[in-house]
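Please read the structure below before turning to the comments.
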Amino acid sequence: MRYVQIDTQSDPLSSSYPSSENQKDLSRILARELKAMGIIDAHMDEWGYVYATIPSNSEKAVPVICFCSHVDTAPDASGSGVKPLLHKNYNGKDIILPDDDSIVIRKKDFPYLKRLAGHDLITASGTTLLGADDKAGVAEIMDAANFLMNNPEIKHGTVKIVFTPDEEVGRGTDKIDMKKLAADFGYTLDGGEAGSLEDETFSADGVKITIHGVITHPGAGKGKLVNALKIAGKVLTSLPKKKAPESTEGRKGFIHPVRVEGIAEKCTIDMLIRDFITDELKNSEDELKNLVEDKIKKIPGARFDFKITEQYRNMKEMLDQHPQVVEYAKEALRRAGITEVKMESIRGGTDGSKLSFMGLPCPNLFAGMQAIHSKKEFISVQDMNKAVETIVHLVQIWEERTSADITTSIS
Ligand SMILES: [Zn+2]
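Residue numbers (the working numbering): 805 to 1215.
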C-alpha cells in the first residue's frame, strides 16, 4: 500500500530512459529497504534498475535464481495520487469505489471475486489505477527477501533480485545488465490469479509491405497511372478473415494490419504476425505474400517489397530445454497449498519472453493482480501471501534438487 502511493507511471511518448524519472522514486526506496535488510550489494543503477543479491547459504552449487518484477505502472489510467483502500474480510458483494461511485467492481465482470469472499482486498479509490501491476510483484519479492534474510536456516542458493522500469511501454529489458545479474534461471512475478503459471507467449514478427505504383499527371493518367493506395485497399480487404485478431482466440495466431501510410505513388502497410508455433509465422507470411502478389501481378507497372522483422519468440522454446524451471515452480505452488496449478499461454509478449531469449529462461508466476490497467484493479492480500510462500518454497526446491556431489568452495 505504501509502494502504490508513489507515482511510477511510464510514458510511451518519451524517448529518455527510464521513460519517466519518477520511476526512480520507488526504485531508490527499494534499494534502500533491501540494504536495510542486510543485502549489501543492493543498489539502483543510472537507468532505474534495482539489483540485489541474497548470498547462498548452501554448500551445494545451486543454480542462481532470479526474481523479477517491474516498478512502472501502465499509462492506461492515472497513476498519480493513488489512495489504496483495504477491504478487510471482503463480504463478497460488488464494490463501489468511494471517490467515483460510477466505478463499481462487479462480480459479474470479475468472476474471480467470488473466490475472494473472506479475503482482505486492496483496491484504489475510483480515480486512479491501483498499480498492483506490478507493485504486487515488487512487494512479494521484497517480503520473500526479508523472510529469507531473517531465516538463515532456510537453505537456498544465490538469489538475485531485479526490479525493472518501463515494462508497460515495452522497454523493460532494454538496459538490463545480464552480466551483472549473472543468473541461470528466472521468474517474473507479474501474473494474475493465485496458482497461475505462464510458460508460453506468442512468437512475433512484423511485416512491412511497400507497394509501388506508377505516377503520372492524373490528367494524363489513362492507361498509365497505377495508384498504390488502391492496391493497398485491395490487399487489406482480402486479408484472411479466419486469421484476424477479431476472430481468433486461444491458441490461434493472427495477421493484423496496424498502420497504413502513403501517397498515390507509394504506400506501406505494417502488419503484426503472431502464433504460438514459430514455424506457423512463416506460413502466415507466405500466405500474405502470395495474396499481395496475386493483387499486383494483374497490374502492369506495379511492384512491391516485403520485409519481415523478427520481434520476439515464444519463451516455451527456451523453457522446454530446461523443464525443471517450470516443474519446480509447479512443486512450489503445491507446497504453498495451491491445489490447482493453472498453466496459461499469453497472447502477447512479456519481459520474460525477452529475458528467456537473452539467456535467462523465465516463466511468469502469479502475483495476484486483477482487472489490471484500470481503475477497478484489485488484489487479495491472501493471494499475495501465497506468492511470497511460493518464492520461498521455490528457492528451497532448487537447493534440495541440486545434487550434493557438486559443491562450491563455500567455507
Ligand atoms: Zn505487469
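C-beta atoms are modelled at their ideal positions from N, C-alpha and C, and glycine is treated no differently.
At least 3 beta-carbon pairs within less than 8 Å: the stretch 1143–1159 vs the stretch 996–1011:
The stretch 1143–1159 makes contact with the stretch 996–1011; the number of CB pairs closer than 8 Å reaches 3 or more.
Indicate whether L920 and Q1200 have their beta-carbon atoms separated by less than 9 Å.
9 Å or more divides the Cβ of L920 from the Cβ of Q1200.
By Cβ distance, which residues of its chain are closer than 6 Å to K1038, with the 5 residues on each side in sequence left out?
Answer for K1038: K1099, listed in chain order.
Is the CB-CB distance between I926 and F1170 below 9 Å?
Not in contact: I926 and F1170 (Cβ atoms no closer than 9 Å).
Between M1232 and L830, how many whole angstroms is the CB-CB distance? I'm expecting something under 8 Å.
An answer regarding residue 1232 cannot be provided, because it is not within the stretch 805 to 1215 covered by the chain.
Please confirm if the stretch 976–991 is in contact with the stretch 847–859, defined as three or more CB-CB distances below 8 Å between the two stretches.
Yes, the stretch 976–991 touches the stretch 847–859.
Hey, how far is the Cα of D1074 from the Cα of I1142?
Near 43 Å, if we compare the C-alpha coordinates of I1142 and D1074.
Local conformation of K984 per DSSP, three classes
If DSSP states are grouped into helix, strand and coil, K984 belongs with the helices.
Do you know how far the Cα of G842 is from the Cα of N1118?
When the Cα atoms are used, N1118 and G842 turn out to be separated by approximately 37 Å.
Rounded C-alpha distance that separates S1215 from A998:
Per-residue confidence for S1215 stands at a pLDDT of 40, beneath the threshold of 50, marking its modelled position as unreliable; no derived number is given.
In terms of residues, what are the limits of the beta strand (DSSP E) holding V854?
Residues V854 to I858.
Taking DSSP's pairing of strands, which residues face K1111 in a bridge?
DSSP, once it has assigned bridges, lists K1012 as partnering K1111.
Please confirm whether any heavy atom of ligand 1 lies closer than 8 Å to the CB of G1172.
Outside the cutoff, so no.
May I ask you to check if the CB of I980 is nearer than 8 Å to at least one heavy atom of ligand 1?
Every heavy atom of ligand 1 is 8 Å or more from the Cβ of I980, so no.
Could you give the distance in angstroms between the alpha-carbon of V966 and the alpha-carbon of S1051?
Roughly 38 Å separates the two Cα atoms.
Are the beta-carbon atoms belonging to T992 and S873 less than 9 Å from one another?
Yes. Within cutoff.
So, using beta-carbon positions, are T962 and T857 closer together than 9 Å?
Taking the C-beta atoms as reference points, T857 is found nearer than 9 Å to T962.
Could you say which of N893, D913, H960 and G885 lies nearest to A928 if we only look at CA atoms?
That would be G885, whose Cα lies nearest to the Cα of A928.
Alpha-carbon spacing of P1165 relative to L838, whole angstroms
A direct Cα-Cα distance of roughly 25 Å separates P1165 from L838.
In terms of alpha-carbon separation, which member of K897, S819, V1030 and I810 lies closest to K1101?
Across the set K897, S819, V1030 and I810, the C-alpha of V1030 shows the shortest separation from the C-alpha of K1101.
Below 8 Å, can you find three or more Cβ-Cβ pairs linking the stretch 857–866 to the stretch 895–908?
In the pairwise beta carbon analysis, the stretch 857–866 is classified as not touching the stretch 895–908: fewer than three pairs are separated by under 8 Å.
Whose beta carbon lies closer than 5 Å to any heavy atom of ligand 1, going through the chain in order?
Shown in chain order are the residues whose CB sits closer than 5 Å to a heavy atom of ligand 1: D937, D938 and D994.
Exposed or buried, which one is F1110 when buried takes at least 16 other CB atoms within 10 Å?
When all chains shown are included, F1110 counts as exposed.
In this structure, how does DSSP classify S906 when only helix, strand and coil are distinguished?
Correct three-state label for S906: coil.
Tell me which residues share the same chain as I1103 and place their Cβ nearer than 8 Å to its Cβ, disregarding the 5 neighbours each side in the sequence.
Excluding sequence neighbours, I1103 sits near V1030 and I1035.
Going by DSSP, name the residue or residues bridged to T992.
Its beta-bridge partners are C872 and N1168.
With a CB to CB cut of under 6 Å and the five nearest residues on each side skipped, what residues in its chain are close to S814?
The residues are S823, S824, D876, D970, E972 and V973.
Once DSSP output is grouped into helix, strand and coil, what is the label at Q813?
Correct three-state label for Q813: strand.
So, helix, strand or coil for Y1116, using DSSP?
In the structure shown, Y1116 falls within a strand segment according to DSSP collapsed to helix, strand and coil.
DSSP beta-bridge partners of S1007:
The partner list for S1007 (beta bridge, DSSP) reads D1079.
Take the Cβ of T932 as the centre, count every other Cβ of all protein chains shown within 10 Å, and call the residue buried at 16 or more, exposed below.
T932 counts as buried, since at least 16 other C-beta atoms from the protein chains shown sit within 10 angstroms of its C-beta.
Does V868 pass the burial test, meaning 16 or more other C-beta atoms within 10 Å, or should it be called exposed?
Answer is buried; the Cβ neighbour count reaches 16.
Chain-order list of residues whose beta-carbon lies under 8 Å from that of Q809 (same chain, five-residue window excluded):
Around Q809: V886, K887 and P888.
Between the C-alpha atoms of K1134 and H1197, what's the straight-line distance to the nearest angstrom?
CA-CA distance, K1134 to H1197, rounds to 10 Å.
Excluding sequence positions up to five away, which residues of its chain have a Cβ less than 7 Å from the Cβ of Y807?
Closer than 7 Å at the Cβ level, and outside the excluded window around Y807, lie L830, K939, V942 and A943.
Which residue or residues does DSSP assign as beta-bridge partners of F967?
Partner(s): V854 and S873.
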